[in-house]
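Asker: In the working numbering, the protein residues as written are 363 to 719. Below is one structure. I have some questions about it.
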């Protein structure tokens, strides 16, 4: 009998500044800036905390993985408590200003007029009539807006209500936009390298670090799928990112109320809310999109605690990418979730509707 799966929401509230870095070396005289919290970093920290509470032998876990076992298989070898945690599935992280509703990266098909002080969104959708001279290496239709205005991409995040409007095929209201500056800022600290032998400052060895400072009441949300009978800690303090920084974890009993729209005449779109690495580079292998808006790839890396070393740098499709399919497609959001990355939160996708221009 299959276990009944229950989805819970985890709220991660920083207790201090946060620091997320890539795999590049960090030496004295360097300037290092924190990046934003990435999928595997955040969900990996939560999973590692749960594994430690369950008595996981991390050295044994790393040895089994080095011998060729998958992460789930290596966890299963350490008993039921660790095995259950190895099979947990996560989604996220997302910023939140109320500790309950996520803020999602703006879809890549939303624009604004560049030469006007206009806060209204403009939406790009596939062009219905053939465009003379249009050629695409992937056979994609152009995304279009009927107007003469110069447009620019929109940066920031949409509220859940704003994303619901977008998924219905509408244009989100300007009030749905939350800028990065409303969520976080950089806190730069300057330090001097210390000699490990003399415990004194090294002359000329000055470096600076830019920490991520979340604004008041801003937290991170993560969803977790676990067996209904599994007892998860209601709260705790966990380490997140580098420099030994910590966050307070609070488990809420309910999932996030994700919006979803019924496609009109079978025309369906998918919006990524978390980054994902595809074998094909820019799309899932099983997907044949009619059109797509895919931002430039982002490098993802991090530290693998189970394997005891840095993760290889890969290039992911960022959150906010939009894929359009026609009425003959049987594609679903499952096409975007595959392998260990999916269990860590990569490739979370919302389904919506679109209209021809």
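Note that the Cβ used here is the ideal one computed from N, Cα and C, for glycine as well.
1. Identify the residues that DSSP records as bridge partners of residue 720: which are they?
2. Buried or exposed: which applies to residue 619, given that a residue is buried once 16 or more other Cβ atoms fall within 10 Å of its Cβ?
3. Between which two residues does the beta strand (DSSP E) containing residue 587 stretch?
4. Let's see if you can read the secondary structure: which residues bound the beta strand (DSSP E) around residue 699?
5. Please confirm whether residue 693 and residue 638 have their CB atoms less than 9 angstroms apart.
6. Using only alpha-carbon positions, find the residue among 483, 523, 408, 497 that is nearest to residue 507.
7. If you scan the region 440 to 498 from start to end, which runs of the alpha helix (DSSP H) of 4 or more residues do you find wholly inside it?
8. Just the Cα atoms here: how many angstroms apart are residue 391 and residue 649?
9. Hey, residue 374 and residue 502: beta-carbon distance below 9 angstroms or not?
10. Are the Cβ atoms of residue 683 and residue 662 separated by less than 9 angstroms?
11. Let's test the definition: count the other Cβ atoms within 10 Å of the Cβ of residue 645 and tell me whether it reaches 16, buried, or not, exposed.
12. Which same chain residues, not among the five before or five after residue 596, have their C-beta less than 8 angstroms away from its C-beta?
13. Just to check, is the beta-carbon of residue 714 closer than 8 angstroms to a non-hydrogen atom of the ligand ATP?
14. Under three-state DSSP, which class holds residue 514?
15. Nearest CA to the CA of residue 453: which residue from 717, 703, 607, 657?
16. Using 8 angstroms for Cβ pairs, my map puts residue 615 next to residue 395. What's the rounded Cβ distance?
17. What are the boundary residues of the alpha helix (DSSP H) that includes residue 409?
18. When the Cα atoms are used, what is the spatial distance from residue 456 to residue 630?
19. Specify the secondary structure class of residue 544 as computed by DSSP and reduced to three states.
20. Residue 575: which of 366, 382, 403, 696 sits nearest, CA to CA?
21. Could you spell out where the beta strand (DSSP E) holding residue 597 opens and where it closes?
22. Closest to residue 581 by C-alpha separation, out of 673, 399, 365, would be which residue?
23. Below 8 angstroms, how does it come out for the region 508 to 519 and the region 594 to 608: are there three or more Cβ pairs, yes or no?
24. Can you tell me whether residue 575 is helix, strand or coil according to DSSP?
25. Assuming the contact rule is C-beta atoms closer than 8 angstroms, residue 687 and residue 490 should be a hit. Round their C-beta distance to whole Å, please.
26. In chain order, what residues of the same chain have a beta carbon less than 7 angstroms from the beta carbon of residue 496, not counting five sequence neighbours either side?
27. Cα separation between residue 717 and residue 401?
28. Could you check which residue in 587, 594, 468, 593 has the C-alpha nearest to that of residue 537?
Answerer: On the basis of the data shown:
1. For residue 720 there is no data in the structure shown, the boundaries of the chain being 363 and 719.
2. exposed
3. 581 to 589
4. Note, residue 699: premise wrong, no beta strand (DSSP E); not H, not E.
5. no
6. 483
7. 442 to 448
8. Residue placement at residue 391 is flagged as unreliable, the pLDDT there being 48, under the threshold of 50; a coordinate-derived value is accordingly withheld.
9. no
10. no
11. buried
12. 612, 613
13. With respect to small molecules bound, the structure shown includes none, and the ligand ATP cannot be examined in it.
14. strand
15. 703
16. Actually they are not in contact, since the Cβ atoms of residue 615 and residue 395 sit about 37 angstroms apart, beyond 8 angstroms.
17. 401 to 415
18. 24 angstroms
19. helix
20. 382
21. 597 to 601
22. 399
23. no
24. strand
25. Residue 687 to residue 490, Cβ: 15 angstroms. No contact.
26. 504
27. 32 angstroms
28. 468
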